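Residues in the sequence shown are numbered from 0 upward in steps of one, following numbering that gives the first Met the number 0. Glycine residues also receive a C-beta, built at the ideal position from the N, C-alpha and C atoms. These figures come from a predicted structure and were not determined experimentally. Accompanying notes for the structure given below.
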Amino acid sequence: MSAPEMHPDLTAALEAGFPGRPVEDVISLSGGFSGAALIAFVVDGAPYVAKRFAVDPSDPERAAREIACMRIASERGVAPRLRHADARTGVTIMDRIAGTPLRPTSDPTQLERVATALRRLHDGPPFPRGPSRMDFLRFLDAQCAALAGVGLPDELARAVAELERVSAPHAHSAACHRDLNPNNVLVTADRVYFVDWTTAGAGDPFVDLGQLGVFAYPRPEQREALLEAYLGRPANDDERARARLGRAIALAFYAASFFFGAARLGGPPPEDDASRSLAEVLAAFGAAPERTHPGGVAAALLREARQEARALDVLRGWP
0 MSAPEMHPDL TAALEAGFPG RPVEDVISLS GGFSGAALIA FVVDGAPYVA
50 KRFAVDPSDP ERAAREIACM RIASERGVAP RLRHADARTG VTIMDRIAGT
100 PLRPTSDPTQ LERVATALRR LHDGPPFPRG PSRMDFLRFL DAQCAALAGV
150 GLPDELARAV AELERVSAPH AHSAACHRDL NPNNVLVTAD RVYFVDWTTA
200 GAGDPFVDLG QLGVFAYPRP EQREALLEAY LGRPANDDER ARARLGRAIA
250 LAFYAASFFF GAARLGGPPP EDDASRSLAE VLAAFGAAPE RTHPGGVAAA
300 LLREARQEAR ALDVLRGWP
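This is the structure we're talking about:
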């Protein structure tokens, strides 16, 4: 396989990071939702990943903010070691971790390590503020409208606005990853690392917990165990309520992301199957994502978010 053609900024970063040393086994990786250019390579037998941030004229500070968050997280030991960073070109180089993405498990040791890593992140130096979740929602709404002629469901936008209002006192209280889907959590034999810091910034730590409770720890007893491991003690009623609110926010925003995925297919999602639980939908998606319409996942996530909000009795606009 021939080496991929690289942007000049990536080539310059490799030369600056590893002067005079041969760069081998260069391959392209998926840039995911952010559209960033990613390559994996080897220098002196050690594996690395280089990333060039996608240009975002609406958020000119994005590269500098993401690098600042990555640097803090790397120094805290919860992100791969940062080897090179240039905010001007938006290029970073980090160690490539030989880990596996986080998947649902009953292993209490793994849960403890995930909770400990998250607590270490949240207890560390503050992150810069980034765009709000409402800014992100408006972006997705506009993208859905442009792609499919229909924006996000009105009930989703109204509910998120109310959830954000309720959670506002904690909105910037910790250094947060803000997108802890399982593919962004790498598990090794003895460590847990968080990767892809595109949306990182100051945030509510209970929303990070809530994101883990959507895909990786979907059962109530798993989420309770995660919360207690994170706190280092049994949770009180206020903390359980905050965790539930954080999960409602996480569910709503992941629903918005899957609605965007449906819009990219060029049409509306299929009819909502009310008999299918979120667990069933996510199991089907995990087993065969190529055969699962993202609109169906979005609808299930939205139903679950509605149920969490009803249980908390915090939303006026969600009967």
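For residue i, three-class secondary structure by DSSP
i, result
"Ile26", "strand"
"Phe40", "strand"
"Leu139", "helix"
"Gly316", "For Gly316, the pLDDT reaches just 49, beneath the cut-off of 50, and the residue's location in the model is therefore unreliable, leaving the point undetermined."
"His292", "coil"
"Val77", "coil"
"Leu101", "coil"
"Ile96", "coil"
"Pro7", "helix"
"Phe17", "coil"
"Gln306", "helix"
"Val320", "Not covered by the structure: residue 320. The range shown for the chain is 0 to 318."
"Pro168", "helix"
"Leu211", "helix"
"Leu277", "helix"
Neighbourhood of residue i by C-beta, 8 Å cutoff - its chain only, sequence neighbours within 5 removed
i, result
"Pro318", "Note on Pro318: pLDDT 48, under 50, position unreliable in the model; the coordinate value appears next. There are no such residues."
"Ala310", "Arg243"
"Asp328", "Residue 328 falls outside the range modelled here, since the chain spans only 0 to 318, and no answer is possible."
"Pro217", "Pro103, Leu277, Ala278 and Leu281"
"Ala286", "none"
Member of the options whose CA lies at the smallest distance from the CA of residue i
i, options, result
"His83", "Lys50, Ser105 and Ala35", "Lys50"
"Cys175", "Tyr253, Gly209, Arg190 and Cys143", "Gly209"
"Val213", "Arg190, Gly245 and Asp203", "Gly245"
"Val296", "Glu307, Gln306, Ala308 and Ser276", "Ser276"
"Leu28", "Val48, Leu13 and Ala15", "Val48"
"Leu250", "Ala201, Arg305 and Pro233", "Arg305"
"Asp178", "Ala199, Ala167 and Val165", "Ala199"
"Gly231", "Arg239, Val165 and Thr115", "Thr115"
"Val206", "Glu289, Glu163 and Trp196", "Glu163"
"Gly167", "Cys143, Ala201 and Val25", "Residue identity check: residue 167 is Ala in the sequence provided, not Gly. Checking every option, the nearest Cα to that of Ala167 belongs to Ala201."
"Asp312", "Glu289, Ala299 and Arg241", "Arg241"
"Ala15", "Ala35, Ala36 and Val42", "Val42"
Same chain, Cβ closer than 7 Å to residue i, neighbours up to 5 away in sequence not counted
i, result
"Asp122", "none"
"Met5", "Ile38"
"Ile96", "Pro79, Leu185, Thr187 and Tyr192"
"Leu327", "Because residue 327 is not part of the residues shown, which for the chain are 0 to 318, the question remains open."
"Ala255", "Leu136, Leu139, Leu151 and Leu155"
Beta-carbon gap between residue i and residue j smaller than 8 Å
i, j, result
"Ala67", "Pro127", "yes"
"Phe52", "Ala62", "yes"
"Phe258", "Gly294", "yes"
"Glu65", "Phe40", "no"
"Pro181", "Ala215", "yes"
"Pro219", "Glu227", "no"
"Pro3", "Val25", "yes"
Residues that DSSP places opposite residue i in a beta bridge
i, result
"Ala84", "Thr91"
"Leu162", "None, per the DSSP bridge assignment."
"Gly200", "Cys175"
"Arg51", "Ala36 and Val90"
"Leu185", "Pro100 and Tyr192"
"Ala45", "Val42"
Contact set for residue i: own chain, Cβ-Cβ below 6 Å, skip 5 residues either direction
i, result
"Met0", "Since pLDDT at Met0 reaches only 43, below the 50 mark, its modelled position is unreliable, and no value is offered."
"Ala170", "Asp203"
"Trp196", "Glu65, Cys68 and Met69"
"Arg118", "Tyr229"
Closer than 8 Å to chain B by CB, residue i
i, result
"Arg95", "Protein chain content of the structure displayed is limited to a single chain, and chain B is not contained in it."
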